[in-house]
Structures are given as C-alpha cells and as structure tokens.
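Taking it in order: structure first as structure tokens, then the write-up.
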Amino acid sequence: MKRIIGLIAVIATGLLMTASSVSAQKIVVSMKGPGAGNPFWAAVQRGAEEKAAELGVEVVVLAPPTESDVPAQIAQIEDQLVKGAAGIVLAPTDPNALAPVVDEAIADGVPVVFVDTKGANEGVTYIGTDNETGASLAATHICENVAAGSDVAILQGIITQSTGKARADGSNAGLTACGLNIVAEQTAEWDRAKGLAVMENILTGNPNLKAVFASNDNMALGAMEAIKNAGMLGDIFVVGFDANPDAAESVLAGEMAATVAQNPYNMGAIGVESVVNLINGGSLDPVIDTGTVLVTAENAADYQ
Amino acid sequence: MRPQNSNDDSPLLEARGVSKYFGAVTALRDVDLQLWPGEVLGVVGDNGAGKSTLMKVLSGLYPPSKGSLHFDGNEVQFHSPRDARDLGIEMVYQDLALAGNMNIAENIYLGREPKRKVLGGLISLFDHKKGLQMAKDHLDNLKIQVKSVEQKVEELSGGQRQAVAIARSIAFQARVVIMDEPTAALAIKEVGKVLDMIVGLKDRGISVVIISHRMDDIFYVCDRVMALYHGANFSESHLKDTSRSEVIGWIMGTKENVRELAHDRVK
Amino acid sequence: MTESSNHEMNNEVPWHVRMIPFFDRYGILIVIVVMCLVLWAMQPEVFLSWRNISNIFKQTAANGMLSIGMFLVILTAGIDLSVGSVLALGMMTLAVSNASGVPWPIVLCLSPFMGMLAGFVNGVGITKLRMPHPFIMTLGMLFMARGLANLISGGVPYSGLPDPVRFLGSAQIYLGEFDGTRYNLPIVFLFTIFVYLVFWILLEHTVFGRRVYAIGGNPEAARVSGINVDQTLIIVYTICGFMAGVAGLIMAGRTNSGFPNAGQGMELEAIAAVIIGGASFFGGRGQVLGIFGGVLIMGLIRNGLNLNDVSTFWQQILIGGIIVLAVFIDVLRRDWGTRS
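Residue numbers (this note's numbering), protein chains in the order written: chain A, 1 to 304; chain B, 1001 to 1267; chain C, 2001 to 2340.
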C-alpha cells in the first residue's frame, strides 16, 4: 500500500510542481518543437513572451517533444481548447493533420494564426518569412558585389514545395533585374551532397562563373566544397539561405559570402500581436512577412 | 521379454531396431524395447546412454532414423507427440512441461481444452466451468489433494507439480505413460507419494515406462528393468531375477564380477 | 499429495502479502482513481468536463489499439517494435490510394489489411525463418514499413479523406444539449470499449486465448501438449499488425490525412502502456483490463500535464518513472508472494 501511495505522490508532485494555480484565459503559442536546444524556436518563444508582456496578456508556450510528434501537438491544442484558450498562435508540425483541430478552434470562436509554416485551413492568416523577398535580398547582395554581365548560377530547392519555388523565383527575378547572366538553374533538393555534385557539373560547363545563389545553406555548403576542390576558392561569390550555424561559421571564415536569416523572434511577437488584434475584433492581412536579414561577415557571429 | 504373469500374445508398445542419429552423433543404435500391457518397465543407463532419446522417439517427439515402432501389434509412425497421444501414449517430461502461470485445471487440459459452442456454433469458447469440474473429479479420482484446481501451478510444491503432470498424462484414456526421472527434483518426503501414484497407474492397467537413476525407485515400482549402454541394448531382466548391484553394474557397462565392482563403487 | 495444504495459508501471513490478490485485481484502478482525483482538484472546472473526458479517449484511442495488439505479443514473451511504422504504412496506403481515386470502401479496409500483412510477415519471419528473437524481425519490419510508407507517398503528406473513412477516427454521436453545453460521444470511444471487450473474450474465454497464455508461460509445455506454437505465434503477430493498421485508420480519420512520420516512437508508448498495465516481459501475465488501465494512465498523464501547461518533457520523465515503479511494484509483489 505504501508503494502505491508513493507512486501516486510522485505523479501528484510532478503535476503540482509546475502547475499554474489560475486557469485564466491565455493565448496559446504552439510551436513545432521545443525551444530548448533549438535557437529558432527559442527565438519564437522569446518574441511571443516579450510581446505578451508588452501587451499585458498571458501566453503559454507549448511544443510536442519532437517535431514529428503530430498527435502530441493535436492533443495539446485540444486540451487547451477545453481550458478555454483565448487565441492560438500555431506553427503546425503537419499542416494537413492539424487542420481538423484548427477547424474545431474556429468553430469554438477561438482565433488562430499560423506562424512559420502555412496551415491548410482557408482564411487563416500566415505570419512568416516571405521567401521571395528573402531570395531577392540575396540577389541584390550578389548584384552589388559582382560585375554586371557576369555568369551566375542558382541552386534550387525542391520547387514543387512553396518555399522552394518562392526562393527560386525571387532569386531569378533579382539576378535578372541587375543584368547578370544566369547560366544554370538546377535543383539539388535541399541536400548538401547533391549541392556538391550539381555544383561540380556547373563548374565544368561554366569556368567563368562568378556567383552562386543556393536556396538553402546545406546546398551552399555543398557548393563551397566543389569550389574548394576545383581550386576556385575566392573566385566565386556564394550566398545561401537560412543562416544556420555551419553557414555562419563559413561566412566568418571568409568562404561563403553571405546567407539570409529568417526572423523567428518576429514570428513569435507578430503572432501574439496579431491574435490579440483578432480577439479585439480587428482583421488581418492573409500573409504577414516577418522579414529577412542579410548575414555577412559583420553580423554572422550572432548566428553561430 | 514377456512378463511371467502375462496372458497377452504381443507387447502393447514395441520398438524394433530403432536407431537415432543427430548429424554425426549416434544417440541410439538398433535398440529393441517391449512394453507389455499393465507392466512397469524401468529403463536405466548412464548419462548419455540414450534413455531420454529413446523415450522421445516412443512419445513421437523425435522420428527414428532407422527401425520401426509397433503399437498393439501394428506398425505406427508418429509425426508429432499428438499422433502418439492419439493412441494413448503420454509422456511426463523431466521438467514437467507445465505452464506455471496457469491453473491446475488449465494445465491438465492444455492442448485438449473442453469447449462450448455459442451463437449457434459459430464461436467455440473455452468451457472454464466444465474444465474445472472435470479436473476436480479427475484429481479426486486419483486421490490427489490440492487446495483448489484454480490454484496456479507455480504456487505448488515440486511433488504437487509432479502429481499434476501425472494426472494430466492420464486424463485422456492413456494406455502408456512414459516418465523421465519423475522423482529427481523432489523433496525426499514427496518421492514416496509419487511412486505410489505410479503403482496406482499400474493398478488401473496402464503401462508405464520410467527412467530413473534411483535404484530405490526402480526396485519399488518396476516389474522389469532394461539397461542401455552407449546407445544400445545392454541387458534386461525381470526385477525378481536381478539385484541392485547387478543393475548398477549394467549402468556402468559390465556384467562380470558385478558384485565386487559394484561394492567398490557404491559403499 | 494426500495431506491437506491448508496449513500454508495460516494466520501468520503478513497483511501486505494477504493484500496481493486485491492489488493484482484493483491496484491499477486505484491508481487511476487517485490520478483523476488529483487532476480534478487541480482543474476542477475543466478536468471532469464532458469535452475533456471525450478528448482523453480521442487522444488515447490509437495507443489503445497498438497496446492491446502489443499485449498479445508480450503475452507470448515476444515484442513487436514495428507497430508505429506499420501504423504509418497503413495510414499512407490508405491516404495514397484515396488520392488516386480508389473507392472509399476499399480505402477503409486498406490500413487494417496492410497492418495484417506486415504482422503476418513478422510472424512468419519469427517462426519459419527462425529469427533468434522477435526483436530482430520486428526491428527489421520497423525500418521496412517506415521505408515503404515513405516510398509509396514520396515522403509527403496526403490530406482530404472522405467522411466514411474518417468515421472511426472523427465521428461523434450528438447526445443533446444540457445547460448550454453540447454533448457529443466520440465513436472511437465506443469502438475502443468494443475492441477491449472482444480481446477480453478472446484471451479469457477462447481456446486460442488460453493457448497464448500457455505459450507465454512455458512454450515447451505448449509444444509437447500438441499446441501448434508456430501457427499460434503467426496469428498473434498478425493480430498485432492488424491492430496497428486499425490505429492507422483511426489516426487518419482524426487528422483527415496521412503523414509518413506518423507513429514514430509509438511502439515504445504501447510497450509502456502494456508494462504499466501489469503485463510481464517474460510472458504469460497480465489482463486486458490492466492494459486498458495502462493506456488510460498514459492518456491521463498527457492530458493532465497539458491542462496544467506543463512541458511535454515532464510527460516523458513521469512516464519513465511510472514504468520503473510499475515493474518495481511487480518485483515486490513476487518477493512477498514467493513461498520460503
């Protein structure tokens, strides 16, 4: 009997230790993954919490234990709906799988906005990176550093995905506008090894290549390997996207020229601000850009 | 070797020239065995003499590599223990082969569970009630006392388990019961009870083959004893025509000067 | 054998030993009741609300299906690591075939069917290919089923299922409106009760079920009793796979989609529920009601922590702790129950 009581005590303590005493109405921020150990989600969380403090509203930031645990995210939202959540800022682990519970929230009269990843539900505002703008930011940086008329190449992601297409379109438009000569546009499917292989082929066919835009940093880093192997380090201006720590390091080492950072802090902050706006009867644009930042040697240390 | 008091013309169970090979290893070589109706046959031999292998051939667990088996005068072939059991040949294994997590009744009927049909015969369910009653009657009949037939076997003592294993072997019209070291794992006070049960089987007209290392067991329950040595027939005798020291000599593979030899070894 | 064994149950048996049968039967029930009381005290307005209770059942249904199948396997002293992947395989087969225009009655059956097929392959592999332990075969299936789920879907989610396919996972019976609250009964709740009832009958009252227990208790005994152990094991693993497929159907209905990451790690949740529910890894032990309790405890932990805005890391810590405690209680139980 003592053991059973002990077991129960452990459960109860676990719950009580971290439980909140009031169940007042709160804004729920449901992220794809936990902020712990992931700077991206940590920034989303910081943005949401600081904006909430500024606006004087309460938020609770939740996430499933891993980004693939879709049912856990659904359950979290269901449970928060029962508790009477005031609004939901959601980064869906899977846009389609989360759609039914988002519909349930809307049916309950609880406003929802998507951040980071666009959901499948019609009429719900998406707050995230405008990838086309980000890619043209990268293109402009290339234009400013490479002589007009030079040969340039684009490494595309998977262009059947919206992110891949937006980055391909934005970079193409930007590079064309400033009079650069796009000699190759090929996909390396977001992959570092494929980035290397595709770049090798491009270099073989285009020895005068002066710049490359890669739709993500993995492909950019793969391309850097090909360039180094070909002994052309320093001859080709490489810009990536995402500002992941490896890329930031490469920029600091003087290998990659630049990368483009998303702004997760803004996703959290604008997410909370927008949902408060909806709660107060306001309306939102269907898409809100959280902005992008060019990362060069000057600010790359912030992204390591 | 026909029992002196037997009126039967042919043995109930007979192995003729049975050999069993496991790869390059010869476990049995041209072994003959006869078991007559209503007799208790003791099989002795040193470790590795082939006793257990022979029993597994008789109970259908191993097919013989050579030779034939005869039951009631007809040649038979066993593809599984089930075939042997269908003829009424049951084996009580050394490790008893009971499921400790299940109750006595379920163990007795394991593999031959009483069923009842429900939903017009569409579904056949295990008939707990009938199983419990049958098990209770059966144990009462054998004068085996247990607290309840719903007791789990793992809660029983070694002797009680042996009793359940034997009860189980004769639950379905057994004619031959083969026992591998039935007293080896028992507390001394329980040995006598198990031996009495074996005598009880004989009284019911059931033939018994018993493997044992213990001369006390052999000389208490058996009518006849046969010895295997290195996988082959070595010697056999009616019990009253032999002595402990002679049988011990057989186990060690000698027929000469047995008395002296046996006394040397068994003081 | 002729003496009565009554003296074994004398009055000197300590109280905690005499309590063993009581806890065997009702221990898990007590844990659940106490958990509910604690959660109710912490969230008085929310926890016992109808909507929350039906949420708990919606959230635990898929794990409930996996766990009962896993229980059958663990009863035979086996393990099935592939159920999470098989769930995904069933779910993706369903979603992809739906997207390519297969009529819904077939789509509906595809997930359980694929599950059955995977389970059958597991069973045949374990018995006929003589894999040294079910761990190996089902570990292989874990990768194969996941790979196959990705292969047929190209690794991308498919969404939009017809209502009849979603029925099991998402339909609700409208019970009426009282005091301004709408009461809905999720179909999946009724279905879960039904499945557990069927498994209870299967395990306690059919010859097959008793043989599953016997194989778990002593496979040699089962074999020499003339039970076809291989055939029984194949059926057991096939049923386990089938239940994983049913879980896939439920999850597809619940999410209106198929996503190839589905079910990752769920095999471990199912094993946890089975162990918390009182089954033994050595086989032959445990009851259907206990497994139901194990699933419910896992669901209550998740629900309770969510309601109190607690990080899911706590959920992992608590479930881990409870597994260890549940087995420790079982160890104590055996110590007390062993005759000296």
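C-beta atoms are modelled at their ideal positions from N, C-alpha and C, and glycine is treated no differently.
Beta-carbon gap between residue i and residue j smaller than 8 Å
{"i": "residue 1179 of chain B", "j": "residue 1092 of chain B", "result": "yes"}
{"i": "residue 267 of chain A", "j": "residue 115 of chain A", "result": "yes"}
{"i": "residue 102 of chain A", "j": "residue 131 of chain A", "result": "no"}
{"i": "residue 287 of chain A", "j": "residue 263 of chain A", "result": "no"}
{"i": "residue 99 of chain A", "j": "residue 119 of chain A", "result": "yes"}
{"i": "residue 257 of chain A", "j": "residue 181 of chain A", "result": "no"}
{"i": "residue 1088 of chain B", "j": "residue 1015 of chain B", "result": "no"}
{"i": "residue 171 of chain A", "j": "residue 138 of chain A", "result": "yes"}
{"i": "residue 1029 of chain B", "j": "residue 1227 of chain B", "result": "no"}
{"i": "residue 2293 of chain C", "j": "residue 2028 of chain C", "result": "yes"}
{"i": "residue 1158 of chain B", "j": "residue 1122 of chain B", "result": "no"}
{"i": "residue 2054 of chain C", "j": "residue 2184 of chain C", "result": "yes"}
{"i": "residue 1100 of chain B", "j": "residue 1114 of chain B", "result": "no"}
{"i": "residue 135 of chain A", "j": "residue 174 of chain A", "result": "yes"}
{"i": "residue 2266 of chain C", "j": "residue 2083 of chain C", "result": "yes"}
{"i": "residue 1081 of chain B", "j": "residue 1061 of chain B", "result": "yes"}
{"i": "residue 1182 of chain B", "j": "residue 1218 of chain B", "result": "no"}
{"i": "residue 158 of chain A", "j": "residue 199 of chain A", "result": "no"}
{"i": "residue 26 of chain A", "j": "residue 105 of chain A", "result": "no"}
Pick from the options that is closest to residue i, judged by C-alpha positions
{"i": "residue 2091 of chain C", "options": "C:2064, C:2325, C:2269, C:2248", "result": "C:2248"}
{"i": "residue 1152 of chain B", "options": "B:1141, B:1142, B:1175, B:1164", "result": "B:1164"}
{"i": "residue 28 of chain A", "options": "A:66, A:36, A:83", "result": "A:83"}
{"i": "residue 1956 of chain C", "options": "C:2064, C:2295, C:2150, C:2321", "result": "This structure leaves residue 1956 of chain C out entirely; chain C is present only between 2001 and 2340."}
{"i": "residue 1150 of chain B", "options": "B:1135, B:1191, B:1140", "result": "B:1135"}
{"i": "residue 2078 of chain C", "options": "C:2057, C:2104, C:2137", "result": "C:2137"}
{"i": "residue 2086 of chain C", "options": "C:2244, C:2212, C:2276", "result": "C:2244"}
{"i": "residue 2110 of chain C", "options": "C:2122, C:2094, C:2300", "result": "C:2094"}
{"i": "residue 2052 of chain C", "options": "A:32, A:80, A:54, A:62", "result": "A:80"}
{"i": "residue 2319 of chain C", "options": "C:2189, C:2302, C:2069", "result": "C:2302"}
{"i": "residue 52 of chain A", "options": "A:141, A:89, A:241", "result": "A:89"}
{"i": "residue 2233 of chain C", "options": "C:2128, C:2214, C:2123", "result": "C:2123"}
{"i": "residue 2058 of chain C", "options": "C:2281, C:2188, C:2214, C:2246", "result": "C:2188"}
{"i": "residue 2116 of chain C", "options": "C:2141, C:2025, C:2268", "result": "C:2141"}
Contacts of residue i in chain C (Cβ-Cβ under 8 Å)
{"i": "residue 993 of chain B", "result": "In the structure as shown, chain B starts at 1001 and stops at 1267, and residue 993 of chain B therefore has no counterpart that could be examined."}
{"i": "residue 1102 of chain B", "result": "2210, 2213, 2214, 2217, 2284"}
{"i": "residue 1091 of chain B", "result": "2224"}
{"i": "residue 1115 of chain B", "result": "2207"}
{"i": "residue 120 of chain A", "result": "2159"}
7 Å Cβ cut-off: residues of chain A touching residue i
{"i": "residue 2244 of chain C", "result": "Simply none; closest approach about 14 Å."}
{"i": "residue 2302 of chain C", "result": "75"}
Chain B residues whose Cβ lies nearer than 8 Å to that of residue i
{"i": "residue 2226 of chain C", "result": "1080, 1081, 1082, 1085, 1111, 1112"}
Partners in chain C for residue i, counting only beta-carbon separations shorter than 7 Å
{"i": "residue 104 of chain A", "result": "Simply none; closest approach about 10 Å."}
{"i": "residue 76 of chain A", "result": "2306"}
Inter-residue CB distance, residue i and residue j (contact presumed, cutoff 8 Å)
{"i": "residue 1040 of chain B", "j": "residue 1241 of chain B", "result": "That belief does not hold up - the Cβ atoms of residue 1040 of chain B and residue 1241 of chain B are roughly 16 Å apart, past 8 Å."}
{"i": "residue 2075 of chain C", "j": "residue 2290 of chain C", "result": "Not really, about 12 Å apart at Cβ, beyond 8 Å."}
{"i": "residue 1044 of chain B", "j": "residue 1225 of chain B", "result": "6 Å"}
{"i": "residue 1064 of chain B", "j": "residue 1010 of chain B", "result": "Rounded, the Cβ-Cβ distance is 20 Å, inconsistent with contact."}
{"i": "residue 111 of chain A", "j": "residue 239 of chain A", "result": "Not a contact, Cβ separation roughly 38 Å."}
{"i": "residue 210 of chain A", "j": "residue 150 of chain A", "result": "4 Å"}
Contact list for residue i against chain B, beta-carbon separation under 7 Å
{"i": "residue 2206 of chain C", "result": "1125, 1126"}
Where residue i meets chain C, residues with beta-carbon distance less than 9 Å
{"i": "residue 1097 of chain B", "result": "2218, 2220, 2221, 2222, 2223, 2224, 2225"}
{"i": "residue 63 of chain A", "result": "2311, 2312"}
{"i": "residue 1106 of chain B", "result": "2210, 2213, 2214"}
9 Å Cβ cut-off: residues of chain A touching residue i
{"i": "residue 1962 of chain C", "result": "As displayed, chain C neither begins before 2001 nor continues past 2340, which places residue 1962 of chain C out of reach and without an answer."}
Within chain A, partners of residue i - CB distance below 8 Å
{"i": "residue 2251 of chain C", "result": "71"}
Proximity test, residue i beta-carbon vs the ligand ATP heavy atom, cut-off 7 Å
{"i": "residue 55 of chain A", "result": "Although the ligand ATP was asked about, the structure shown includes no ligands whatsoever."}
Cβ contact check for the segment 2123-2139 of chain C and the segment 2247-2261 of chain C: 3 or more pairs under 8 Å: no
The segment 2093-2108 of chain C in contact with the segment 2212-2219 of chain C per 3-pair CB rule at 8 Å: no
The segment 1039-1057 of chain B contacting the segment 1141-1148 of chain B, beta-carbon criterion three pairs below 8 Å: no
Touching by the beta-carbon criterion (3+ pairs, under 8 Å), the segment 201-221 of chain A and the segment 185-192 of chain A: Taking a contact to require three or more Cβ pairs closer than 8 Å, the segment 201-221 of chain A and the segment 185-192 of chain A qualify as touching.
Segment contact, 8 Å Cβ cut-off, at least three pairs: the segment 2300-2318 of chain C with the segment 61-69 of chain A: yes
Three-pair Cβ contact test at 8 Å for the segment 2263-2278 of chain C versus the segment 2157-2165 of chain C: no
Cβ pair count under 8 Å reaching 3, the segment 2035-2049 of chain C against the segment 2221-2241 of chain C: no
Three CB pairs or more closer than 8 Å across the segment 2227-2241 of chain C and the segment 1115-1134 of chain B: no
Validate contact between the segment 293-304 of chain A and the segment 235-251 of chain A using beta carbons, cut 8 Å, 3 pairs: yes
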